[in-house]
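Below is one structure, written out as structure tokens; the observations come after it.
There are 2 protein chains.
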Amino acid sequence: MSLRHALLGFIEMLQPVSGYDLKKWFESSIRFYWPATHTQVYRTLAELADRKLVTTKKIEQTIRPDKKLYSLTDRGKQELVSWLREPLDLPATRHGLMVQLSFADLLDIGDILSLLSNYASKVSAHLLFLKKDQQKFSQYGRTTRERLLWELILESGLEYYRGELRWTEKAIRRLKAHAGKGL
Amino acid sequence: MSLRHALLGFIEMLQPVSGYDLKKWFESSIRFYWPATHTQVYRTLAELADRKLVTTKKIEQTIRPDKKLYSLTDRGKQELVSWLREPLDLPATRHGLMVQLSFADLLDIGDILSLLSNYASKVSAHLLFLKKDQQKFSQYGRTTRERLLWELILESGLEYYRGELRWTEKAIRRLKAHAGKGL
DNA sequence: TCATACATGTAAGTTGTTACATGATTGC
DNA sequence: GCAATCATGTAACAACTTACATGTATGA
Chain A
14 MSLRHALLGF IEMLQPVSGY DLKKWFESSI RFYWPATHTQ VYRTLAELAD RKLVTTKKIE
74 QTIRPDKKLY SLTDRGKQEL VSWLREPLDL PATRHGLMVQ LSFADLLDIG DILSLLSNYA
134 SKVSAHLLFL KKDQQKFSQY GRTTRERLLW ELILESGLEY YRGELRWTEK AIRRLKAHAG
194 KGL
Chain B
14 MSLRHALLGF IEMLQPVSGY DLKKWFESSI RFYWPATHTQ VYRTLAELAD RKLVTTKKIE
74 QTIRPDKKLY SLTDRGKQEL VSWLREPLDL PATRHGLMVQ LSFADLLDIG DILSLLSNYA
134 SKVSAHLLFL KKDQQKFSQY GRTTRERLLW ELILESGLEY YRGELRWTEK AIRRLKAHAG
194 KGL
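Protein sequence lines, in the order shown, are assigned to chains A and B. All the letters of the first sequence, read from the start, carry residue numbers 14 to 196 under the working numbering. All the letters of the second sequence, read from the start, carry residue numbers 14 to 196 under the working numbering.
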């Protein structure tokens, strides 16, 4: 599971850091590649502490709720770096729209086109969102190489969604052309 | 969950059909968009039968193990068609390589390039595999519109992986250039 | 003789989602 | 006055994975 290692990675970058802040970092960056809810984050942090990959320190606060700060242990860093080197399998994608289209011959053309245009508009909205994020994000890198890596990751997302848009538009054209032939 | 509806869709196409055959159809087609193990298939079929969306018929066999054949009920077909019309959220992708690259500044350049070239070779292998599948697959469509849909689905996969390859090659070039500057 | 196809399942574990729970402070 | 931020968690459920289990027939 990459969630564990994503957390180790962020802790390495930000230590000492609270679960709450880790969750916020997830939200604003890696979530496009590995989404996680706060429930999962806290559960996984507890497990990492159990396995002595991180240490915790309780901070008592008066006007805010108490919090715990996490830091990496040597074993945690070892675990992180050795995972970073591991070649992974191709990700298993689950793309509900494609499942729908597989059986969409049961629908009439209007319904099929709605599915596609709904997808297109969600993809466009997401693209806009990613572009806004773009500037904000690439500033944080601590080395030029880290900034380059983050830029590449963001471009991968942009290109993926641009590709989805192109494909959706093509699919709409082809389906309309096909429907037209029937007249 | 799309698995339930993917099964309903295949049952609609192939009924009466055994769980074993449904699994094989998954393997050879939809698995790229919605992978499922045989455990999941059998469990979900039992649930669909429980909910009266499908009916089963036991076939006793001597030289082969007995089997169950599944067919759609009217309620099953209704459920399928109404799901097919539902606009879905954007799929949540989990892309481990991107998680690794997010923290890859902890690695040396050789390790980073290995991650990328390993990914590239897996993507290429998968592309070859998809292209082989291409002819075999598009023959099955029962209407011209169904064939068009399946063609579009397959193209979406091809374009995705071609995009991944292009991105990976660009990433390798940029990282090599960056490493070169340091000399 | 060894792997593969046929055909179905159970059990146990891991991961991921949703709802519930608390309670002060700050900004609109 | 109401929503959002801060900060952490539990409980219950849903989905997915891996290992275990059985037993015949066919082809390389």
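Positions of the beta carbon are idealized from the N, C-alpha and C atoms, including for glycine. None of the values given here were measured: they were computed from a predicted structure.
Beta-carbon within less than 8 Å of F116 of chain B's beta-carbon, same chain only, minus the 5 sequence neighbours each way: which residues are those? Position 103 of the second sequence, counted from the first residue, corresponds to residue 116 of chain B. Around F116 of chain B: no qualifying Cβ.
To which residues does DSSP link K70 of chain A through a beta bridge? Indexing the first sequence from 1 puts residue 70 of chain A at position 57. Paired residue(s): A:L82.
Put S42 of chain A into one of helix, strand or coil per three-state DSSP. Taking the first residue of the first sequence as position 1, residue 42 of chain A is located at position 29. Three-state DSSP puts S42 of chain A in coil, outside helix and strand.
Cα separation between L141 of chain A and Y173 of chain A? Sequence index remark: in the first sequence, residue 141 of chain A carries index 128 (1-based). Sequence index remark: in the first sequence, residue 173 of chain A carries index 160 (1-based). Straight-line Cα distance between these residues: approximately 13 Å.
I think Q36 of chain A touches H51 of chain A, with their Cβ atoms under 8 Å apart; what is that distance to the nearest whole Å? Your numbering for residue 36 of chain A matches position 23 in the first sequence. Your numbering for residue 51 of chain A matches position 38 in the first sequence. In the sequence as displayed, the identity of residue 36 of chain A is Lys instead of Gln. Correct: roughly 5 Å between the Cβ atoms.
Those residues which DSSP pairs with V30 of chain A across a bridge: For the purposes of this step, residue 30 of chain A is taken as residue 17 along the first sequence, with counting starting at 1. In DSSP, V30 of chain A forms a bridge with A:Y83.
Test item: CB-CB of L165 of chain A and G109 of chain B under 7 Å: Along the first sequence, read from residue 1 onward, the residue named residue 165 of chain A stands at position 152. Along the second sequence, read from residue 1 onward, the residue named residue 109 of chain B stands at position 96. For L165 of chain A and G109 of chain B, no; Cβs fall outside 7 Å.
Within 8 Å, do at least three Cβ pairs link the segment 173-190 of chain B to the segment 169-189 of chain A? yes
So, helix, strand or coil for K65 of chain A, using DSSP? Within the first sequence, the letter at position 52 stands for residue 65 of chain A. Three-state result, K65 of chain A: coil.
If you compare alpha carbons, which of B:I76, B:L97, B:D63 is closest to Y83 of chain B? Locating residue 83 of chain B in the second sequence gives position 70, where the first residue counts as 1. Out of B:I76, B:L97, B:D63, B:D63 has the C-alpha closest to the C-alpha of Y83 of chain B.
Rounded to whole angstroms, what's the CA-CA distance from A192 of chain A to L20 of chain B? Just pull it up for me. Walking along the first sequence from the start, residue 192 of chain A turns up at place 179. Walking along the second sequence from the start, residue 20 of chain B turns up at place 7. Cα-Cα distance, rounded: 27 Å.
Taking the alpha helix (DSSP H) that L101 of chain A falls in, what are its first and last residues? Within the first sequence, numbered from 1, the residue matching residue 101 of chain A stands at position 88. From DSSP, L101 of chain A is part of no alpha helix (DSSP H); its letter is neither H nor E.
Indicate whether the contact test is met: 3 or more Cβ pairs, each with one atom in the segment 115-132 of chain B and one in the segment 14-34 of chain A, closer than 8 Å. yes
Distance, T156 of chain B Cα to L128 of chain A Cα: Counted from its first residue, the first sequence places residue 128 of chain A at position 115. Counted from its first residue, the second sequence places residue 156 of chain B at position 143. Looking at the two C-alpha atoms, the distance is approximately 20 Å.
Roughly how many angstroms lie between the CA atoms of M14 of chain A and Q53 of chain A, to the nearest whole one? The count along the first sequence starts at 1 and reaches residue 14 of chain A at position 1. The count along the first sequence starts at 1 and reaches residue 53 of chain A at position 40. If I take the Cα positions, the gap works out to 12 Å.
Selection of the segment 117-137 of chain B by Cβ proximity to chain A, strictly under 9 Å: A117, D118, L119, L120, I122, D124, I125, S127, L128, N131, Y132, K135, V136
Residues within the segment 76-102 of chain B neighbouring chain A, beta-carbon criterion of under 9 Å: K90, L93, V94, W96, L97, R98, E99, P100, L101, D102
Against chain B, which members of the segment 31-50 of chain A pass a CB distance test of less than 7 Å? I43, Y46, W47, P48
Reduced DSSP category for M111 of chain B - H, G, I as helix; E, B as strand; rest coil: If you number the second sequence from 1, residue 111 of chain B lands on position 98. M111 of chain B: helix per DSSP, three-state reduction.
For W180 of chain A, report the span of its alpha helix (DSSP H) as first-last. Within the first sequence, the letter at position 167 stands for residue 180 of chain A. From DSSP, the alpha helix (DSSP H) with W180 of chain A extends over 157-194.
Whole-Å CB distance - R77 of chain A paired with Y46 of chain B, under 8 Å assumed: Residue numbering aside, residue 77 of chain A sits at position 64 when the first sequence is read from its first letter. Residue numbering aside, residue 46 of chain B sits at position 33 when the second sequence is read from its first letter. Not a contact, Cβ separation roughly 45 Å.
Within 7 Å of any Cβ in chain A, is that where the Cβ of T156 of chain B sits? Here residue 156 of chain B corresponds to residue number 143 of the second sequence, with the count starting at 1. Yes, contact with chain A.
With a 10 Å radius around its C-beta and 16 neighbouring C-beta atoms as the bar for buried, classify G89 of chain B as buried or exposed. In the second sequence, the residue the question calls residue 89 of chain B occupies position 76. G89 of chain B is buried by the Cβ-count criterion.
Would A184 of chain A count as contacting chain B if we go by Cβ distances under 7 Å? Counting from 1 along the first sequence, the entry for residue 184 of chain A is found at position 171. Cβ-Cβ to chain B under 7 Å: yes for A184 of chain A.
With 7 Å as the threshold, decide whether the Cβ of Q113 of chain B is near any Cβ in chain A. On the second sequence, residue 113 of chain B is found 100 positions in, with the first residue counted as 1. Yes - at least one Cβ of chain A is within 7 Å of the one on Q113 of chain B.
Can you tell me whether T57 of chain B is buried or exposed? The criterion is at least 16 other CB atoms within 10 Å of its CB, across all chains shown. Looking up residue 57 of chain B in the second sequence gives position 44. Answer is buried; the Cβ neighbour count reaches 16.
Reference Q97 of chain B, options A:P29, A:Q152, A:T69, A:D124, closest by Cα: Numbered from its first residue, the second sequence carries residue 97 of chain B at position 84. Here residue 97 of chain B turns out to be Leu, not Gln, going by the sequence shown. For the residues A:P29, A:Q152, A:T69, A:D124, the minimum Cα distance to L97 of chain B belongs to A:D124.
How would you list, in chain order, the residues of chain B whose beta-carbon sits under 8 Å from the beta-carbon of E25 of chain A? In the first sequence, residue 25 of chain A corresponds to position 12, counting from 1. Result: F116, L119.
Of the residues B:D87, B:E73, B:I43, which one's Cα is nearest the Cα of L143 of chain B? Here residue 143 of chain B corresponds to residue number 130 of the second sequence, with the count starting at 1. Comparing Cα positions, the closest option is B:I43.
So with CB distances below 7 Å, who are the chain B contacts of G22 of chain A? As a working note, residue 22 of chain A is residue 9 in the first sequence. Those are S115, F116, listed as they occur along chain B.
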